[in-house]
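Asks: If you scroll down you'll find the structure; I have some questions about it.
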Amino acid sequence: MILFLAARPVTAPPVRPSRPVRSARPVRPAPRRPRLRLRLRSRPLAPYRRIFAVPGTRAFTAANLPARLPMGMLSVSAVLMIAGSRGSYALAGAVTATGLAATALVGPWTARLVDRHGQARIAVPATVLAVLGSLSLLLCVRHGAPDWTLFASYAATATTPNTGGMSRARWAHLFRDDPAARHTANSFEQAADELCFMLGPVLATLLCTALFPEAGTAVAAALLLTGVLLFAAQRRTEPPVAPAPATGRPRSPLRLPELPPLLVTFLATGAVFGSLEVVTLAFADGHGIRTAAGGLLALQAAGSCAAGLLYGLLRPSGHAAHRFLGCTAAMVALMLLPLLAAATGSPAALAVALLVAGMATAPTMVTGMGLVQSLTPRGQLNEGMTLAVTALLGGIAAGSAGGGWAVDHLAGAGAAYGVPAAAAALALAVTLLTARRRPDRPAAPVS
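For reference, each letter of the sequence shown is one residue, going 471 to 917 in the working numbering.
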């Protein structure tokens, strides 16, 4: 055995290479597949993820939502509170109309102060004054004060700052050189507005009926003050204060030649909103479904909210003025649907028609607000957007009056749906008559 082993040739052990020889067939690591699926699934929301990836945007957006919710609560709460205690819807309507008129006068001045001195320095004291006016109204109603005190108290709420406009001004500042991102941000802001208009009246009605008549006003005032304080505390995204012009007081954006026709379009669009609300309430009352009126209006707001979010996912192409013309034309076409559905007398058909009709209003508002931003000098953005909101409020008041007149004098609420259709047609006519090329970037500062 020893001889046999000695006779075997001794061979050196094989030399191992310094690096292991890899197989020619690549091996895919398993963890990469779930990441690819997640990326593909989240890609449709990439525009929204991109704007909220900027530091500070989530904070000021979260703070602005409770500050914005009271805009859909205050008027409804005031009507329910005054009518419940004084037994007069006429008095309640007159008080809220007075507050609306005061807001139309005071709002642009408040916005100008915001542009000149900063959002935090002006919005907080203006909100405190507005909250004191709401609390004064509450106490006057509670303790049976004379009627004139109700008008004076509610008029004091006109100093409420345009919280939606301040939020849009921040987006415009952060993405001043990125039109696509501004389009997405404006779409989100319009969807937030629709959400507040959808939830605000429902919450106000629930508080005033389930708790006590003053609960809606009290909660709305608390939300407004808390939200504005939190919003004003987000200083890192606040737009810089516009420098004072060398020639003295700045000129109003109303003197820009292309802005007044656009505001007329906003006025007509507001008439669509106001008349649609009154006529829908009358339709529900006439068909014995008064409790479902809020649901019908919520469907219209839900359609607009969904359309606003989807519109923000699209990449804007072409000139903004052309897109605005297309949006107003679509609004005219879709506003015919409630008129046709109401003619059938079916609440279910009307519900579907309102849901679809609402899908044209948000894109119109998003594109219109983008035009306002492009026309208004950067140092006057809050004032320009507040003028647009003021035009909307005036249109809502006129549309409410026109819709109420049509319900009383035409053949029922079904025919009165012609009022929002006519208002939409007026908006399209103004857009067609005044259509011209508008700049896609902010205009030069106006001295």
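For each residue, glycine too, the CB sits at the ideal point set by N, CA and C.
#1: Going by DSSP, what residue range makes up the alpha helix (DSSP H) through H643?
#2: Hey, is the region 512-531 in contact with the region 770-784, meaning 3+ C-beta pairs nearer than 8 Å?
#3: I need the DSSP call for S512, collapsed to helix, strand or coil.
#4: Please classify H792: does DSSP put it in a helix, a strand, or coil?
#5: Over what stretch of residues does the alpha helix (DSSP H) that includes T844 continue unbroken?
#6: From the DSSP output, in three-state form, read off S555 for me.
#7: Is it buried or exposed for L898, if we count other Cβ within 10 angstroms and need 16 for buried?
#8: Nearest by alpha-carbon distance to A741: which of G557, T633, M801 is it?
#9: Around the Cβ of A858, are there at least 16 other Cβ atoms within 10 angstroms (buried) or fewer (exposed)?
#10: With a threshold of 8 Å on Cβ separation, who are the neighbours of V900 within its own chain once the five nearest residues in sequence on each side are excluded?
#11: Taking the continuous alpha helix (DSSP H) assigned at L825, which residues delimit it?
#12: Please report the distance separating the alpha-carbon of L903 from that of L896.
#13: What is the DSSP secondary structure of I759, counted as helix, strand or coil?
#14: Helix, strand or coil: which one does DSSP assign to R503?
#15: Does the pairing of the region 817-837 with the region 657-670 give three or more beta-carbon distances under 8 Å?
#16: With Y887 as the anchor, note down where its alpha helix (DSSP H) starts and where it stops.
#17: How big is the Cα-Cα spacing for V698 and T627?
#18: Using a Cβ-Cβ cut-off of 7 Å (strictly less than) and excluding sequence neighbours within five positions of L809, which residues of its own chain qualify?
#19: To the nearest angstrom, report how far apart S870 and L751 are at their CA atoms.
#20: Let me know if T798 comes out buried or exposed under the rule of 16 or more other beta-carbons within 10 Å of its beta-carbon.
#21: Suppose you measure from the CA of T654 to the CA of P578; what does that come to, to the nearest Å?
#22: In three-state terms, what does DSSP make of M595?
#23: When the Cα of H613 is compared with those of P683, Q850, A832, G840, which residue comes out closest?
#24: Look at A534 and T679 and say whether their C-beta atoms are less than 8 Å apart.
#25: Would you decide whether T597 is buried or exposed? Buried here means 16 or more other CB atoms lie within 10 Å of its CB.
#26: Rounded to whole angstroms, what's the CA-CA distance from V672 to M805? Just pull it up for me.
#27: Could you pull out every residue in the same chain whose Cβ sits closer than 6 Å to the Cβ of F645, ignoring the five residues on either side in sequence?
#28: Under the rule that 16 or more other beta-carbon atoms within 10 Å means buried, what is A523, buried or exposed?
#29: With A692 as the anchor, note down where its alpha helix (DSSP H) starts and where it stops.
#30: For the putative contact between V826 and G773, defined by C-beta atoms under 8 Å, what is the C-beta separation to the nearest angstrom?
#31: What do you get for P536, buried or exposed, if any count of 16 or more other CB atoms within 10 angstroms of its CB means buried?
#32: Beta-carbon within less than 6 Å of L920's beta-carbon, same chain only, minus the 5 sequence neighbours each way: which residues are those?
#33: Tell me whether R785 is buried or exposed, calling it buried when 16 or more other Cβ atoms sit within 10 Å of its Cβ.
Replies: Once the coordinates are examined:
#1: 633-644
#2: Taking 8 Å as the limit for Cβ pairs, the verdict is that the region 770-784 does touch the region 512-531.
#3: Reliability fails at S512, whose pLDDT of 46 lies under 50, so the model's placement of it is uncertain and the value that follows must be treated cautiously. Correct three-state label for S512: helix.
#4: helix
#5: Checking the sequence shown, residue 844 turns out to be Ser, not Thr. Unbroken alpha helix (DSSP H) run through S844: 831-845.
#6: Helix, per DSSP.
#7: The residue in question, L898, is buried, as its Cβ has 16 or more Cβ neighbours within 10 Å.
#8: M801
#9: buried
#10: P731, V734, T735, A738
#11: 817-827
#12: Distance between L903 and L896, taken at the CA atoms: about 11 Å.
#13: coil
#14: Confidence in R503 is poor, its pLDDT being 41 and thus under 50, which makes the residue's placement too unreliable to answer from.
#15: yes
#16: Run containing Y887: none; DSSP gives neither H nor E here.
#17: 14 Å
#18: Y887, G888, A891
#19: 11 Å
#20: buried
#21: 26 Å
#22: With the sequence shown as reference, residue 595 is identified as Pro, and Met is not the correct amino acid for it. It is helical.
#23: The alpha carbon of H613 has as its nearest neighbour, out of P683, Q850, A832, G840, the alpha carbon of P683.
#24: A small fix is needed here, since residue 534 is Asn in this sequence, not Ala. The answer is no: Cβ separation not under 8 Å.
#25: Per the 10 Å Cβ criterion, buried.
#26: 24 Å
#27: A651, R652
#28: When all chains shown are included, A523 counts as exposed.
#29: 685-702
#30: For a cut-off of 8 Å, the C-beta gap from V826 to G773 is around 6 Å, short enough to register as a contact.
#31: By the neighbour-count criterion, in which a residue is buried when 16 or more other Cβ atoms sit within 10 angstroms of its Cβ, P536 is buried.
#32: Within the shown structure, residues of the chain are numbered from 471 to 917, placing residue 920 beyond reach of any answer.
#33: exposed
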